[in-house]
Amino acid sequence: MSANDKGITRRSFLTGAAAAAVGAPYVITSAALGNAMRPPASDRIVMGAIGVGGMGTGNMRGFLARSDVQFVAVCDVDKSHRDRAKSIVDQTYSNKDCEAYLDFRELIARADLDAVCISLPDHWHALAAVAAAKSGLDIYGEKPLARSIREGRAICEAVQRYGRVWQTGSQQRSGRQFRRACELVRNGRIGKVHKVEVGLPTGPSTGPEPVMPIPDGLDWDFWLGPAPWAPYTPKRCHWNWRWIMDYSGGQLTDWGGHHIDIAHWGLGLEHTGPVEIEGRGHYPEEGLWNTPTDYKFTCKYANGLTMVVANNRQLDQGTRWYGENGRLYVRRGSLDAEPKSVLNEVIGPDEIKLYESRDHKQNFLDCIKSRELTVAPVEIAHRSISVALLGEIAMLVGRRIRWDPQKEEIVGDPSAAALLGRPYREPWHL
Amino acid sequence: MVRQRMLGLLLLLVAAAIPLAALSGAANAGQGGQNESLPSPDQIQGIARYEFGQSRRALSAVEEQIRQATPAQLRAIEASLLDVLRSPQATYAARKFVCRMLRRMGSCQSVPVLADMLTDAKLSHLARLALQRLPCPEVGDALRQALGELSGDLRIGVIASIGDRGDREAVPELAGLVSSEQRAVSAAAIAALGQIGGSEAARALADAKVPDELSAQWADAYLCCADQMPAEGMPSDALTIYRRLFDQTRITTVRIAALRGMVRAEGQRAVPTVLASLQTDNAELQRAAAKFVAEIPGERATAAFAGALSSLPSGAQVVLLGALAERGDRTAAPEIAGAARSGDEAVRIAAFRALGAVGTSSSVEALAAAAAGGGRAAEAASASLTQLSADGVDPTIVGLLRRADENARRVLIRALAERAYVQGIPTLLEYAQDESAVTRAESLKALARLADQRALPALVSLLVRAEDTERGAAEHAVVAVCRRIEDGERRVEPVLSALADAHVRAQCSLLRVLGALGGQKALEAVRSSAEDTNQEVRDAAVRALAGWPDASPADALMRLARHAPDEIHRVLALRGYVRVTGLLSDRPPEETVAMYRTAVEAADRPEEKKMVLAGVARVPDLSALRFAESYLEERALRAEAQAAYVQVALAISGAHAVEAQKALRTIQTVCDDERLRERAAEGIRAIENRGDYIAGWLISGPYSRDDREAHELLHTTFPPEAAEAKEAKWRLVPALTDPARPWLVDLERLIGGRDRAAYLRTRVHSPRMQRVRLELGSDDGVKVWLNGEVVHQNNVFRPTTPGEDKVAVVLKEGWNTLLLKITQGGGQWSACARFRALDGARLEGLKIRASP
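From first to last, the protein sequence lines stand for chains A and B. Take the first sequence: its position 293, counting from 1, is numbered 293 in this note's numbering, and each next residue is one higher. This note's numbering runs 1000 ahead of the 1-based position in the second sequence.
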């Protein structure tokens, strides 16, 4: 975006600020007016990226490729990440206009933004998402929604209170096969479902990792943010944070946002949760990483349904529903059923048709314009990841816990209930 | 049991911090009744001394004991852990572990010890971690007391903990802090009051005087209070707050939130407020109000909103029409149809859009009339014609066709195509022969989208009889239908059978169709037409061959380039030959270069020779470098040859570093183009920066299995790892896929995708048999074969860190084959590798050759 466009962004148009600017001496460039391939600046969605590591850069590239998006800002606490992201944006637009920020609060404070893409480590999700929602921004947020159930609820409240559009990065919802599987289950093609199994990847382990000097350009204290202080070592930081409980819940929460989400979608349980959870995890005994490698827990729902979640050494990866008339199994690249004839079933015009999105990022952009709910809205993401987070708690305390999905409270077990939230390291607070 | 009682007794005796030595004493009390479900003295000492970077084994054991413990055992373990906290010698890492455990299982006995830590700058957060949600009334007292003693960040942390606990006793103190001169403290107090909620907190916020920069946070906290009030039996208090914020705040997002509060609290009674918001000149608030129009349920609300439609200013009508569409309540259709006759274009457009959502078959005529007009209203009406979902819409459209004028008929035919109304194909075939050219053209377009194999003979016959001006549309329709037929050879049959008897113009059309479709039978027919006696037919055939979708007519094109009687045909054929040579294919790169050599030898003019050089530039092979080199001195082609030379040199610099560097240096001395010289210099720098990382690789892949994800693919056998490996196709990896990281093979950029694997292969020449270290980085999993033996595998999801995996291997004297398999789960996909001496020193004397 060139300086000349800045007077007429979509946001200033919407709040009437553009009208106030009429008469100001600015030149409308061809970039601002758009062309046959590209809508004018006033119709483009102005975006910033918060967190531009591997996943964040991938997300940003996905948005950059779209003609109705204008990227103006990137943010990361690691200089090498933000420099790389800025150069990708600048190369795309053949200019040097993309601003690079270390502090996400400065990016969010920009008056010209419509939306942000948040791809941070899990322990940062709630702080960034709540701040963005309060600033009136629409949000594409990576899964899992949050590191804890209370943080997830705080994100839901902020997004809903301020009427923001939210898309969770659980792109399986925009996959034809997953929607097809869920429609078959929802419309009773395998009969009444009594059990669903969810298989997720097995967690990795590592050795004890020596404390290392903080690399140049990385603001380590900011990276830790609300998490307890700990010294730097590479296996604690980029990418690997997901194997340490201070920052993430491991494969369980990384993938639970996908396959548990699909299990719920097929059963219409997206606005509730289990009532009892019990299970065991195997935790690495020695090395730095402490999220479970093997894990298995069972959830009971109020309607009598059982959901079993386990790593892929114990259950096939993906989602398998067991109904009174058959089974249905879905994962990336595979849809299978018993009997096979289920796969040829046609969903009639008067039956349940699930939300159809064929392109996860475009669905977000379309909903920014229409203000409609996306295919993976915040409340549903919260309920999906809540199952994984409850499983995590049950395994950590080593006993069965009871859950009130209405009030979102653990019943009769204050010690387990203490794990529903995470006290932030000062000075961070929601 | 004896042991637990003694521990409890001991705890009572412990008053303050005890030194580390005493820890063993405490635990010694249990000796004689050794119980594996409780931590031993050694374990406790191990925890107290634990430092970051050490093995966590002692910690993990206690963690497991906690999971297995009975309630009574938990209290004993808690006591031991508190001893660690009391010990001045315990490390920070130990205290962090203990606080994490206490958070999980602490009781009121932990409160005094943790409360003492609240004022310690390093430990305050750890204390809150354990303390914040302990179910003890003493926690509230401890936090409130600390609040008065602390300042700065530590105070903010305690405020946040109080807020999270919803401690209403703290409201007066927090209310005092709202006016703190420290903005961050003030902001934290405001947020905490919002979290705590209740009428007292709300009152404190109502009376607060906050600076402008905190007004959004203040409003957010105030809204939080209001949102909690209906559940606490104070709905009217909530409404008062919403009303105050809605009326008095200038921040749009806050006003939207307040309006949402009013709608939720009042339901249908909020209709007038929502209507008033629709009339504001703030488009963001308007759009939010429209959202709430959709959220207030019931036909009465529909009637109220629809009834108000005509009395609103046009801007508000536009937004409301959008909202009525979202309500999806067809009872609003009459008012929307009225708005479709508005004098304001924007209102008409919005009304046409809304009719798409809630209209019926009776809306078709008005929409068709509008769609036949011009401008944006026509676009909206046209889109709604497609969208209409009520029963009987399609037959109504077909019925209307009979009495519609030419313009309206065009619109209706387009709507049938967009609506995918395949039952309308016979009607469309009929209109494709209409006397109106406009109707014929539109029908052909619709048929191109809808028609199937059954309609193909009729369409081909239409093509044969078409007027010259309509040939393009008819050809397009036939090609589109043929492409939908899976059997590549059978789909051209109706076209081929028409070719024999067609007149010249029709023959030319059919040849163009065959050229677009390709295939063996089509090629035979077009090749023989290229020798037809009729000049027009020959021309069409040559052009069809030159535009062929693959390289199968290469030989025919070369023959024509050399021997066609017409010079234009010779040039067209030569250009076609160069074009098809450059299309994606499996042929080895040196064969492609040989084809380009044939082309350049057949070319008389520099224009075609330049095209050849542009093609050669895209072949990453040593033979392409040599080819470009041979034209560096030729004056007319020098610029193109130099550009090709640089491009090829950069691409092969991994496999042929010496040749590439030599070529790039040559360019630096002979080239006049500054930008090209700079590219060459950049390439030389990158080759140097690469160090001893292997850059010469052949690549094979991607490989995937429908039902397998990345972690399973590492153990799935694909052709490159099979003993024969004959099925695998290898190509050279262009070097420098990421100039900033020249040591990296960026597979995401080369291949992309997820849940797949790729193989990298190279050959390494060692001057002697030696034990060396293979240093690897991979994103994601990696499996390594050296001379056919698996020497390493790591099934992980991770980013590439150079040298993360280090494997000792033996290189034999002479050539060794190194094969890597890299899996891709998602996100980035890359790898890097090098050989080093066992002590990490650089190895001299190794040679790398990527070529097979």
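Yeah, the Cβ is synthetic: ideal placement off N, Cα and C, and Gly gets one too.
Beta-carbon proximity check, residue i vs residue j, cutoff 8 Å
i         : j         : result
A/Ala146  : A/Ala126  : yes
B/Ala1573 : B/Ala1561 : yes
A/Leu200  : A/Asn312  : yes
B/Gln1217 : B/Ala1257 : no
B/Gly1615 : B/Gly1654 : no
A/Pro405  : A/Val275  : yes
B/Thr1762 : B/Leu1698 : yes
B/Leu1059 : B/Ile1066 : no
B/Val1764 : B/Ala1831 : no
B/Val1139 : B/Leu1131 : yes
B/Gly1515 : B/Val1526 : yes
B/Ala1378 : B/Gly1359 : no
A/Ile149  : A/Leu420  : yes
Proximal chain A residues relative to residue i, where beta-carbon distance stays under 9 Å
i         : result
B/Arg1798 : Pro204, Trp239, Asn240
B/Arg1260 : Gln160, Arg161, Tyr162, Gly163
B/His1656 : The contacting residues do not exist; B/His1656 stays about 28 Å from chain A at best.
Boundaries of the beta strand (DSSP E) in which residue i is found, first to last residue
i        : result
A/Asn311 : 306–311
A/Asp413 : Segment: none, A/Asp413 is in no beta strand (DSSP E) and carries neither H nor E.
A/Ile435 : Residue coverage of chain A in this structure runs from 1 to 430, which leaves residue 435 of chain A outside it and unanswerable.
A/Val72  : 69–75
A/His259 : Counting along the chain, A/His259 falls outside any beta strand (DSSP E), though it belongs to the alpha helix (DSSP H) covering 251–267.
A/Cys237 : Counting along the chain, A/Cys237 falls outside any beta strand (DSSP E), and DSSP gives it neither H nor E.
Chain-ordered chain A contacts of residue i [CB-CB under 7 Å]
i         : result
B/Pro1135 : Pro414
B/Gln1132 : Pro423
B/Ala1160 : Tyr424, His429
B/Met1105 : Ser415
B/Ala1188 : His429
B/Phe1052 : Val211, Ala230, Pro231
Nearest to residue i (by Cα), restricted to the options the options
i         : options                                    : result
A/Lys407  : A/His429, A/Gln167, A/Ser386, A/Thr319     : A/Ser386
A/Tyr295  : A/Gln251, A/Lys361, A/Arg153               : A/Gln251
A/His429  : B/Gly1825, B/Gly1163, B/Pro1720, B/Asp1141 : B/Gly1163
B/Val1612 : B/Ala1339, B/Arg1626, B/Arg1575            : B/Arg1575
B/Gly1701 : B/Gly1803, B/Glu1678, B/Lys1821            : B/Lys1821
B/Lys1122 : A/Lys235, A/Pro228, A/Val185               : A/Pro228
A/Ile262  : A/Tyr232, A/Thr92, A/Glu197                : A/Glu197
B/Ala1289 : A/Tyr162, A/Asp78, A/Asp103, A/Leu328      : A/Tyr162
A/Ala388  : A/Arg280, A/Gln177, A/His360, A/Asp316     : A/Arg280
A/Ala376  : A/Ser170, A/Gly58, A/His264, A/Ser80       : A/Ser170
B/Asp1780 : B/Ala1758, B/Val1772, B/Arg1771, B/Glu1789 : B/Ala1758
A/Trp255  : B/Trp1743, B/Asp1839, B/Phe1797, B/Leu1496 : B/Phe1797
Partners in chain B for residue i, counting only beta-carbon separations shorter than 7 Å
i        : result
A/Gln317 : Glu1709
A/Pro201 : His1711
Partners in chain A for residue i, counting only beta-carbon separations shorter than 8 Å
i         : result
B/Thr1801 : Pro234
B/Arg1353 : The premise fails here: B/Arg1353 is roughly 11 Å from chain A at the closest Cβ pair, so nothing lies under 8 Å.
Where residue i meets chain B, residues with beta-carbon distance less than 9 Å
i        : result
A/Val397 : Ile1066, Arg1067, Arg1104, Met1105
A/Gly58  : Glu1748, Gly1826, Gly1827, Gln1828
A/Ala109 : Correct list: empty, because the minimum Cβ distance to chain B is about 10 Å.
Residue interval of the alpha helix (DSSP H) (run including residue i)
i         : result
A/Gln155  : What sits at residue 155 of chain A in the sequence shown is Ile, not Gln. Per DSSP, A/Ile155 belongs to the alpha helix (DSSP H) from 149–161.
A/Lys86   : 79–93
B/Thr1252 : 1252–1266
Cβ-Cβ separation, residue j to residue i (assumed contact under 8 Å), whole Å
i         : j         : result
B/Glu1748 : B/Gln1828 : 5 Å
B/Glu1173 : B/Arg1144 : 7 Å
B/Ile1853 : B/Leu1312 : Here chain B comprises residues numbered 1001 to 1852, so residue 1853 of chain B is not present and cannot be evaluated.
B/Glu1536 : B/Cys1508 : 6 Å
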